[in-house]
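First the structure, in the form of structure tokens, and then the observations on it.
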Amino acid sequence: EPEVTQTPSHQVTQMGQEVILRCVPISNHLYFYWYRQILGQKVEFLVSFYNNEISEKSEIFDDQFSVERPDGSNFTLKIRSTKLEDSAMYFCASRRQTSTDTQYFGPGTRLTVL
Amino acid sequence: AQSVTQPDIHITVSEGASLELRCNYSYGATPYLFWYVQSPGQGLQLLLKYFSGDTLVQGIKGFEAEFKRSQSSFNLRKPSVHWSDAAEYFCAVVGTTDSWGKLQFGAGTQVVVTP
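The listed protein sequences correspond, in order, to chains W and E. One point on numbering: in the working numbering, the residue at position 42 of the first sequence is 42, and numbering is uninterrupted. One point on numbering: in the working numbering, the residue at position 65 of the second sequence is 1065, and numbering is uninterrupted.
What follows is the structure in structure tokens.
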């Protein structure tokens, strides 16, 4: 069964450094998402991406964040200058087309900012 | 404001006993409703979803959920839990007019299964 993959599974970085989290969505999916889950808190929407542009973003997704689909398979989340409060589990998700299609989630990348 | 509430942060259940997890939502119109499960070290896996029609929805792993419009609820049930059901369970919604389909999650319910 096709699945969403994410790399790395765990990333440790120093505050102020740039990180890039990578995701490979399911191949025939058209909508892509990033969510995050701070330890002990709920899963929060960050951004959705469709047709090579951001379709919606939350207030969390400020100028420090960016997303890109550099080729036909990868979908990346970049955090330009990490802060301690960016420490969280970051999930990538994709869905095929309509709102009723299932969003499939990757296993997540645990980001630790020191 | 739109919200999803899971009143129980933590539930302990004996193996073989029944399980019910509560979910209430506050939305302008009935949203699309989902239950996801997150096992330790795993991503989120969809258990079931409700869009319209029959209010009792069957999902994977023996789970079912019942939509009750009058109570704005979408509770998840399993008649007999297995040790492998120990996980965190998330209720989530998507607004029916939200063409981008972002999921809004509840806070989750941690389920512990005892022998």
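A virtual CB, placed ideally from N, CA and C, is assigned to each residue, including glycine. On a predicted model such as this, the values are computed, not experimentally measured, just so you know.
- Leaving aside the five residues that flank S66 of chain W on each side, the residues in its chain whose CB is nearer than 8 Å to its CB run, in chain order, L77, K78 and R80.
- Assignment of S94 of chain W by DSSP, reduced to helix, strand and coil, places it in the strand class.
- Not flagged as an interface residue toward chain W: G1016 of chain E, since no C-beta distance is shorter than 8 Å.
- Take the alpha-carbon of T13 of chain W and the one of T112 of chain W: they are about 6 Å apart.
- For secondary structure counted as the beta strand (DSSP E) over 3 or more consecutive residues, the segment 15-51 of chain W holds these complete runs in sequence order: 19-24, 31-37 and 43-50.
- Using a CB distance cut-off of 8 Å, K83 of chain W does not count as an interface residue toward chain E.
- With the rule of 3 Cβ pairs closer than 8 Å, the segment 1006-1015 of chain E does not count as touching the segment 46-56 of chain W.
- By alpha-carbon distance to S27 of chain W, the top candidate from W:R110, W:T102, W:S94 and W:L114 is W:S94.
- With fewer than three CB-CB distances shorter than 8 Å, the segment 19-26 of chain W does not count as touching the segment 35-52 of chain W.
- Using a CB distance cut-off of 8 Å, Y90 of chain W does not count as an interface residue toward chain E.
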